[in-house]
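Numbering (our numbering), first residue to last: -10 to 280. Note that beta-carbon positions come from the ideal geometry of N, C-alpha and C, so glycine has one too. To keep things clear, I will list the structure first and then write my remarks on it.
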């Protein structure tokens, strides 16, 4: 049985991916000491849960002998400040670099990294929306070192907006889904176009990428976008959700300012994964979100 190691394993995408992978693979999870392991403990053995705070993490990873490494670790901070800068760097660069080095030193050659469309303001390469996107770009440069010097193969999957049932993240669609009749929410004009990808399709994208790495040559490095063909205006998605939910929510559009470097239209950012496509329609996905 092939061994897969995953960082960010207790997050929404991590747990969803592990649920699928354990059917065919031996999965090892890299977690923080303070992580909530209640769900993870029902999916994999405790011996397969590795504390990244442990001084022996290099040794433990070597013993696990991972063939694949999936980096899902990340800390999203839209606007950095002197108060949260250390947290942003630790979650998106400092710890991920250490874990990347550990798995590569353990002989792992197949790496799936997780990027973001926030790395591409105005659809341009190397033009991050914010410091979060800039750090993600910097981490990809670190990966390049390992592909060049150790012959690792890496594919970065660029995520857009993701959603699905049982999502505990305080993302917009989840917040709206939990609101009751008569409640109000202040929003921007919501006229920007967005890609929303259902968690089932996100999981299938990572699994499809594993197959691509199996065929890739030493030193291979590529990036793909996990998205549908065409983006949709955010306001239209919000209205569709409230219609399906049959909720009378006060949607106060235009009461909040857009972000300083809002991506108005992400169409065309990144090429999609060969042989993969979104299969869950927006309407079907919203119905699942609403339960």
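DSSP links residue 75 through a beta bridge to no other residue.
Of the residues 195, 34, 223, the one whose Cα lies closest to the Cα of residue 143 is 195. The beta-bridge partner set that DSSP reports for residue 38 consists of 18. Cβ contact annotation for residue 260 (same chain, cutoff 7 Å, sequence separation greater than five): 213, 214, in chain order. Going by DSSP, residue 173 is part of the beta strand (DSSP E) stretching over 173 to 175. Residue 143 carries a strand assignment under DSSP once its states are collapsed to helix, strand and coil. Distances from the CA of residue 30 to each of 7, 12, 44, 131 were compared; the closest alpha carbon is that of 7. With contacts defined as CB atoms closer than 7 Å, residue 57 and residue -7 qualify as a contacting pair.
By DSSP's assignment, residue 186 forms a beta bridge with 151. The alpha-carbon of residue 280 is positioned some 11 Å away from that of residue 233. Secondary structure in the stretch 67 to 112: the beta strand (DSSP E) runs of 3 residues or longer, each lying completely within the stretch, are 99 to 105 in chain order.
In this structure, 266 is the residue among 266, 4, 65, 14 with its C-alpha nearest to the C-alpha of residue 219.
Counting every other CB atom within 10 Å of its CB across the protein chains shown gives residue 12 a total below 16, marking it as exposed. Between residue 177 and residue 239, the gap from beta carbon to beta carbon reaches 7 Å or more. Closest in alpha carbon position to residue 247, among 175, 170, 115, is 175.
Under the three-state reduction of DSSP output, residue 239 falls in the strand class. Sequence-distant partners of residue 41 (beyond 5 residues in either direction) whose C-beta falls short of 7 Å from its own C-beta, in its chain, are 19, 20, 21, 84, 88. For residue 211, the enclosing beta strand (DSSP E) has its first and last residue at 210 to 215. DSSP places residue 130 inside the alpha helix (DSSP H), whose first and last residues are 120 to 138.
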